[in-house]
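A.B. asks:
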């Protein structure tokens, strides 16, 4: 896959995960917590992929 396409996909995933964290923080319930955790896992996965690239 082209490097530009990978970067665009990573940016989109980053924005979606960040939105999940922000929206989940506004919901005070179990679903809000799950949304935050999914967003956190997504951000950590992106960080892992980024660091693996420049290892």
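Residue numbers (this note's numbering): 1199 to 1253.
Just so it is clear, CB atoms sit at the ideal spot from N, CA and C, and this is done for glycine as well.
Since the structure is predicted, the reported quantities are computational estimates derived from the model, not experimental observations.
1) Between the C-alpha atoms of residue 1248 and residue 1227, what's the straight-line distance to the nearest angstrom?
2) Output the distance between the C-alpha atoms of residue 1200 and residue 1206, rounded to the nearest integer angstrom.
3) Residue 1225 by DSSP, collapsed to three states: which one?
4) Among 1241, 1242, 1219, 1240, which has the Cα closest to the Cα of residue 1231?
C.D. replies: Taking the definition as stated:
1) 32 Å
2) 10 Å
3) coil
4) 1219
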